[in-house]
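Residue numbers for the sequence shown, in full-length UniProt numbering: 1 to 60. Notes follow once the structure below has been shown.
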Amino acid sequence: LDRPTKQMREAEERLKAIPQFCFPDAKDWLPVSEYSSETFSFMLTGEDGSRRFGYCRRLL
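This is the structure we're talking about:
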């Protein structure tokens, strides 16, 4: 079976939201010289209690 399950499709949709979650201000960034590098960590918790850990690093 190569057809994605409902659970797989839902997981894909959640994963697509991660860039917006990590960089909600991407459209409003000032020129590079205005920022220092930053790192953020986060954890996404599923309805079943499963956890996914990640981090965002903005290197400027």
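By construction, the Cβ of each residue, glycine as well, lies at the ideal position given by its N, Cα and C atoms. Model, not experiment: these values are computed from the prediction.
Under the DSSP assignment, F53 falls in the beta strand (DSSP E) whose first and last residues are R51 to R58. By a beta-carbon distance limit of 8 Å, Y55 does not contact T45. Their separation comes to about 16 Å. Apart from sequence neighbours up to five positions away, no residue of its chain approaches A26 with a beta-carbon distance below 7 Å. For R58 against S37, the beta-carbon gap comes to about 6 Å, under 8 Å, which counts as contact.
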